[in-house]
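In what follows, a single structure is set out as structure tokens and then discussed.
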Amino acid sequence: MKRKYFFTIGLSILLLFALAACSSSGTSSEEGDGDKISMNFWIFGATGYEELVKEYEELNENITINVRHAETADHHDALFNSLSAGSGAPDIAMLEVDQVDRYRTAQDRFVNLYDLGARDIEGNYLDWKWQFAESTDGEFLFGLPTDIGPKALYYRTEIFEEAGLPTDPDELSAYMSSPEKFREAAIQIKDATGKPMVANIEMMYRSILDTLEESYFDPESNLIIEEPGNRVREAYDYAIEMNELGVVGNFTMWSAEWGNAVNNGGVAVELGAAWFKGWMEGNAPDAEGEFQVATLPTEFTGNWGGSYITIPNQTDHAEEAYAFLEWLLSAETQLKSFKSNGLFPSATAVYEMDDFVNATDDYFSGQQTQNVFAEAAQNVGFVFKGENYVTVHDEILAALTNVQEGADPDAEWDAALSRIQTNLSR
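Note that the sequence shown covers residues -20 to -1, 1 to 406 in mature numbering (1 follows the signal peptide of the UniProt record, and there is no 0).
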């Protein structure tokens, strides 16, 4: 039986006392002359949705969709504030997966997409992706699935060859089939080349964290890090163990130094999501042809990133907004988003389409990497995060950073938990 996770009812104290609404540039739509309808659509990231909006407008001459693009943090803050104020929200809004739980207590500020017919298309999407946007009782749907971030192993073939390890993707996947085999390969690479296996300790930590059904919170919003059976400490300890073995680099996430390491062969692998290829192309252009992609050990097979699209209930055009979402997030249009901007599809029919299956990737020497990620996507399980996920996550990352700089792991763990408790009690 499919598990359901919660949407708490009513508004949280945070939402009740949030700041005033954003400027009039983000207000909800007003109906134009005659049957013409204008809607506002707030987005973030490099989605390419602006071009798809133009295509939709050509197909529906009575519809105008005004796209507003902002940085991820600014986008979510502005949306939160406009929902709290009860005015100024767009007709349609993206939500990044790690931000979704911030809005769960504001369920009544969104349109229930089941009321607009979403049950008819549920089977078109990955179960775990769809489930994340449902209420506990399965009667409310918060948003429709957009892209996902299934993870795989990006590996530099010359480093693996120098270390005497397999370089064919299928052979490497079969060889490195567990965290223990991953550790062995990392040590072999270090001994043979002197290079770290993984670029940074956060990526090593996420190798296990991103697979956990429940990590920091349970569905009732209880902090469960220290509960029996919780595996967050296991993920923390594994990252530290790998660091102590000397197989974890110290290249800060998203830094120029990290990009240079990938570009110049300074690190063996990246445990990256499907969208990570775009970062590599932009930050490591000289590494084209140097990397291949293989599946990760089952214990590391998780999801990192992705989004949903919602309809705030301030709209006067819920049905028209939903019709647009059905089109934008259909398998056919998700294929277009994949081909133009690398958004990895959550609509499973795409995985069988010829244009998807047969695509080759020049950056990876013509490998059909999308099929590796499609396999990974279907092995991902449901993950619950909680509205304070980011707050807790940042504190654990701070502890890991301190450990990598020489601090005591146990002391840093205890200090992180203390900071977390303080933050959550505010």
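For every residue, glycine included, the Cβ atom is placed at its ideal position computed from N, Cα and C.
Quick caveat: nothing in here was measured; it's all calculated off a predicted structure.
- Rounded to the nearest angstrom, the Cβ distance from H49 to I23 is 6 Å, consistent with a contact under 8 Å.
- Pairwise C-beta distances place the segment 162 to 172 out of contact with the segment 191 to 206, as fewer than three of them are shorter than 8 Å.
- Checking the DSSP bridge columns, you'll see N46 partnered with N20.
- DSSP links T290 through a beta bridge to A73.
- L189 is a Cβ neighbour of A215, given a cutoff of 9 Å.
- A contact is defined here as three or more CB-CB pairs under 8 Å, and the segment 237 to 244 meets this definition with respect to the segment 260 to 276.
- When the beta-carbon positions are compared, V330 and F318 come within less than 9 Å of each other.
- For L124, the uninterrupted beta strand (DSSP E) segment begins and ends at L124 to R136.
- When secondary structure is reduced to three states using DSSP, V249 falls in the strand class.
- Note on the segment 137 to 213: whole alpha helix (DSSP H) runs with a minimum of 4 residues are 137 to 142, 149 to 155, 159 to 173 and 181 to 189, in chain order.
- At the C-beta level, A248 and Y83 stay beyond 9 Å of one another.
- T281 places its beta carbon 9 Å or farther from that of N403.
- Per DSSP, the unbroken alpha helix (DSSP H) holding A391 starts and ends at P389 to S405.
- In the structure shown, V352 falls within a helical segment according to DSSP collapsed to helix, strand and coil.
- Separation of Y105 and A172 (C-alpha to C-alpha, rounded to the nearest whole angstrom) is 44 Å.
- Under DSSP, E114 takes part in a beta bridge, and its partners are L121.
- By the CB criterion at 9 Å, S157 and P70 fall outside the cutoff.
- A buried status is given to D81, since no fewer than 16 other beta-carbon atoms sit within 10 Å of its beta-carbon.
- Between the segment 105 to 125 and the segment 285 to 299 there are three or more C-beta pairs closer than 8 Å, enough to call the two in contact.
- Closest by C-alpha distance to H373, out of Y185, Q384, Y155 and Q350, is Y185.
- For Y105, DSSP records a beta bridge to A327.
- N338 sits in coil when the DSSP states are folded into three classes, being neither helix nor strand.
- Going by DSSP, Q384 is part of no beta strand (DSSP E) but of the alpha helix (DSSP H) stretching over Y369 to Q384.
- For V337 and N92, the gap between their C-alpha atoms comes out near 34 Å.
- DSSP places W255 outside both helix and strand once states are collapsed to three, so it counts as coil.
- Annotation for V242: the continuous alpha helix (DSSP H) segment containing it runs A236 to N244.
- Note that the C-beta distance between V178 and V212 is not below 9 Å.
- Each of A311, D342 and G322 was checked against the Cα of G103, and the nearest Cα belongs to A311.
- Note on geometry: alpha-carbon atoms of T381 and E221 lie some 14 Å from one another.
- Judged by beta-carbon spacing, A73 lies within the 9 Å limit of F21, meaning their Cβ atoms are closer than that value.
- Annotation for Q272: the continuous beta strand (DSSP E) segment containing it runs F271 to A274.
- According to the DSSP assignment, E279 belongs to no alpha helix (DSSP H), since it is labelled neither H nor E.
- The beta carbon of A339 lies closer than 8 Å to those of K319, Q348 and Q350 in the same chain, with the five residues before and after it left out.
- Between E200 and I376, the alpha-carbon positions lie close to 21 Å from each other.
- Residue pairing by DSSP places Q87 in no beta bridge whatsoever.
- CA-to-CA, the gap between G68 and S62 works out to about 5 Å.
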